[in-house]
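Read through the structure below, which is laid out as structure tokens, and then see the notes.
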Amino acid sequence: MGDDPVAIRDALAEQSFNANSPSLSDRIRNLIHVPVPKTPSDRDSTKASLDRDLAFVVPASYGIRYRSKTHVLTVNVDLSDDDNPGVIMLKKTITGPRGRKLVVAPEAKAKGYIQHIDLIELKSGEGNKTTVHGRVTLSQAAFSEANGDFAIVLMCSMAPPYLTDRREHSDPSNDEPTDITTRTSTLYANIHAIWLVSPQRGIVLSKKLHLSK
Numbered sequence: 003m004g005d006d007p008v009a010i011r012d013a014l015a016e017q018s019f020n021a022n023s024p025s026l027s028d029r030i031r032n033l034i035h036v037p038v039p040k041t042p043s044d045r046d047s048t049k050a051s052l053d054r055d056l057a058f059v060v061p062a063s064y065g066i067r068y069r070s071k072t073h074v075l076t077v078n079v080d081l082s083d084d085d086n087p088g089v090i091m092l093k094k095t096i097t098g099p100r101g102r103k104l105v106v107a108p109e110a111k112a113k114g115y116i117q118h119i120d121l122i123e124l125k126s127g128e129g130n131k132t133t134v135h136g137r138v139t140l141s142q143a144a145f146s147e148a149n150g151d152f153a154i155v156l157m158c159s160m161a162p163p164y165l166t167d168r169r170e171h172s173d174p175s176n177d178e179p180t181d182i183t184t185r186t187s188t189l190y191a192n193i194h195a196i197w198l199v200s201p202q203r204g205i206v207l208s209k210k211l212h213l214s215k
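For the sequence shown, the residue numbers in our numbering are 3 to 215.
Given below as structure tokens:
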């Protein structure tokens, strides 16, 4: 369900965008039929297109509260990351072991304490707003059917500068005896609508959520 942030990031990263280029919009429209990797067996069969609205799905593991007496479901979900406030975190992937309390800094890399952190963020015309709010009137039966499975869907379209991509490296230290390489990719988009869904069951619970700080 939804668009794969990694596939969208990789499609944009392959282009050398120039914000002053008169053909920029045409070049974005040409980014169609981009492979969206899911599993090694179906990488060639899945396609993505950037000349349309995108739907990014962010799991909502907390911030959802239901009052059975009033049948009102309250949404108060912060989509930012503790280490990266002010931006919406679409995907965070950490690979490799951490060496804290397990190794001293000079030996960390040799012993394999190497981490790669891949962050994909979303910045919108909403500024630093990252918290999704809303109130939904929902029957007890509908809430029970969702079974605690909730997610936020951000309906948006790409906007200049489309993508910024940076990489940072930190050597092992006494405080953090891990060799860490971090890639931070920021997607820029205009958010048109925010939905609350139950993704595993394909249920749309609300299409009227909004962002605030």
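Don't be surprised by glycine CBs; every beta carbon is placed ideally from N, CA and C.
C-alpha distance - residue i paired with residue j, whole-angstrom precision
{"i": "Ala2", "j": "Asn176", "result": "For residue 2 there is no data in the structure shown, the boundaries of the chain being 3 and 215."}
{"i": "Arg100", "j": "Thr166", "result": "27 Å"}
{"i": "Ala110", "j": "Arg137", "result": "49 Å"}
{"i": "Arg168", "j": "Ile10", "result": "16 Å"}
{"i": "Thr95", "j": "Glu170", "result": "15 Å"}
{"i": "Arg89", "j": "Glu147", "result": "Arg is not the amino acid found at residue 89; the sequence shown has Val there. Between Val89 and Glu147, the C-alpha separation is close to 32 Å."}
{"i": "Ile119", "j": "Met91", "result": "13 Å"}
{"i": "Ala13", "j": "Thr184", "result": "19 Å"}
{"i": "Lys103", "j": "Lys210", "result": "46 Å"}
Collapsed DSSP secondary structure at residue i in the structure displayed
{"i": "Arg54", "result": "coil"}
{"i": "Ser146", "result": "helix"}
{"i": "Glu109", "result": "helix"}
{"i": "Ala62", "result": "coil"}
{"i": "Leu92", "result": "strand"}
{"i": "Ser141", "result": "coil"}
{"i": "Tyr68", "result": "strand"}
{"i": "Gly129", "result": "strand"}
{"i": "Asp83", "result": "strand"}
{"i": "Gly98", "result": "coil"}
{"i": "Val38", "result": "With a pLDDT of 42 at Val38, under the threshold of 50, the modelled position of that residue is not reliable, and the figure given next carries that caveat. Three-state DSSP puts Val38 in coil, outside helix and strand."}
Option in the options with minimal Cα separation from residue i
{"i": "Thr132", "options": "Thr180, Leu156, Gly150", "result": "Leu156"}
{"i": "Lys215", "options": "Lys111, Cys158, Gly127, Ala191", "result": "Gly127"}
{"i": "Ala153", "options": "Ser146, Pro7, Val105, Leu198", "result": "Leu198"}
{"i": "Gly204", "options": "Val59, Pro87, His118", "result": "Val59"}
{"i": "Val79", "options": "Thr72, Met91, Val89, Ile66", "result": "Ile66"}
{"i": "Leu140", "options": "Leu56, Thr72, Asp5, Glu16", "result": "Thr72"}
{"i": "Met3", "options": "Val105, Glu16, Ala15, Leu56", "result": "Leu56"}
{"i": "Gly150", "options": "Ser200, Asp84, Lys209, Ala13", "result": "Ser200"}
{"i": "Cys158", "options": "Ile182, Glu178, Ala191", "result": "Ala191"}
Below-9 Å beta-carbon distance, residue i vs any chain D residue
{"i": "Gly127", "result": "Absence of chain D from the displayed structure is noted, only one protein chain being present."}
Exposure of residue i, with buried meaning 16 or more beta-carbon neighbours within 10 Å
{"i": "Glu123", "result": "buried"}
{"i": "Ala143", "result": "exposed"}
{"i": "Ile193", "result": "buried"}
{"i": "Tyr64", "result": "exposed"}
{"i": "Ala112", "result": "exposed"}
{"i": "Ser187", "result": "buried"}
{"i": "Val134", "result": "buried"}
Residue span of the alpha helix (DSSP H) that contains residue i, given as start and end
{"i": "Arg11", "result": "7-15"}
Boundaries of the beta strand (DSSP E) in which residue i is found, first to last residue
{"i": "Thr166", "result": "153-172"}
{"i": "Asp181", "result": "181-200"}
{"i": "Lys125", "result": "116-126"}
{"i": "Asn78", "result": "74-80"}
{"i": "Ser214", "result": "212-214"}
{"i": "Leu207", "result": "205-208"}
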